[in-house]
Amino acid sequence: MDPAVSWTTGHPAMKILYEDNHLLGIEKPVNIPTQEDASGDPDLLNLLKVDIKERFNKPGNVYLGLVHRLDRPVGGAMIFAKTSKAASRLSDAVRTRKFAKSYVAVVHGQPPQQRGRLIDTLLKDERTNTVSVVAKGTPGSKEAILDYHVLGVSAEHGLSLVQIELHTGRPHQIRVQMNQLGCPLYGDQKYGAHINKPGQQIALWSLYVGFPHPVTKEPVDLVSSPPSQFPWDLWDSRTYSQIAENLVSSSSM
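If you want it as structure tokens, here you go:
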């Protein structure tokens, strides 16, 4: 298996985390949309279809199912389905919460507790592509639930490293809920513009994705560590590998 997908469109090579006849797991680069959007920029889904077609010399259209999404500025572990059957079964895993997603984020300030659960009601404005916290029962709103765990604090920079487990998959969920908590994500221009500087890269990374294989039922674990640059490098790289090891270990129990 090739360790990376090399684009012919000028994008950097992309690391392949897992691949077989049913699945393709990759490390999403930052600032590429997951699927086609209003910007018209090349998107991950279509770039991967082109790559599969070229690597395997496939005739006609290539099927690739989108199972979950990452916001455009967010990078890290992501899984795609190479067959409609795999896509359907992974969608079932998402619905029945057998599909685990764990993120790391660097946030401003320090959450009030070392560990906590956030439950909010979110409403998306499709016109502005923004999400807000609203009163429960607001038409069109959906409940959002996440757990967070503070892993470290950099008092010098006023930043905290947080691990986040999603129990629902709402648009911009982590960004909105952490901002509502009073701890906006470092670099988030949409929900932390009052404290972040233009040009800063959002510090949110998909560290781990785990689920039962749609055919073999064996556990599949995708792990991706954030880049060794500020603010991620305020903490030792072993911090991220240790979190991932714990997640993989717990998934096999």
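In the numbering used here, the protein residues as written are 1151 to 1403.
Every residue gets a Cβ at the ideal spot worked out from N, C-alpha and C, and that includes glycine.
Own chain, CB closer than 7 angstroms to residue i, minus 5 neighbours either side, in chain order
i: Y1390; result: V1254, L1357, S1375 and P1376
i: T1158; result: Only weak support is given to the placement of T1158: the predicted model assigns it a pLDDT of 44, under 50, and the value that follows is read from those uncertain coordinates. Once the five neighbours on either side are set aside, T1158 has no close Cβ partner at all.
i: N1181; result: R1222 and P1223
i: D1152; result: With a pLDDT of only 45 at D1152, under 50, the local geometry of the prediction cannot be trusted, and the value read off the model is given with reservation. Taken in chain order, the residues that qualify are I1166.
Buried/exposed call for residue i, threshold 16 Cβ in 10 Å
i: G1109; result: Shown here, the chain extends from 1151 to 1403; a query on residue 1109 therefore has no answer.
i: R1239; result: buried
i: N1329; result: buried
i: G1210; result: exposed
i: P1289; result: exposed
i: S1189; result: exposed
i: Q1313; result: buried
i: K1371; result: As written in the sequence, residue 1371 is Asp, which differs from the Lys given in the question. Its Cβ being crowded by 16 or more others within 10 Å, D1371 is buried.
Under 7 angstroms between C-beta atoms of residue i and residue j
i: Q1327; j: G1337; result: no
i: L1384; j: S1304; result: yes
i: W1355; j: G1259; result: no
i: P1381; j: V1256; result: yes
i: P1334; j: V1300; result: no
i: K1203; j: V1217; result: no
Of the listed residues the options, nearest to residue i (C-alpha basis)
i: P1362; options: V1398, D1221, A1353 and L1309; result: V1398
i: Q1185; options: A1294, H1299 and R1219; result: R1219
i: E1276; options: A1285, F1206, H1317 and S1291; result: S1291
i: A1236; options: I1295, Q1263, N1171 and T1271; result: N1171
Residues near residue i in its chain [Cβ-Cβ closer than 6 angstroms; skip 5 each side]
i: G1215; result: A1231 and A1237
i: F1249; result: A1243 and F1361
Using 8 angstroms as the Cβ pair cut-off and three pairs as the minimum, do the stretch 1361-1369 and the stretch 1336-1345 touch? Flag = no, the stretch 1361-1369 and the stretch 1336-1345 do not touch.
At least 3 beta-carbon pairs within less than 8 angstroms: the stretch 1318-1332 vs the stretch 1280-1298: When C-beta atoms of the stretch 1318-1332 are compared with those of the stretch 1280-1298, three or more pairs fall below 8 angstroms, so the two segments count as touching.
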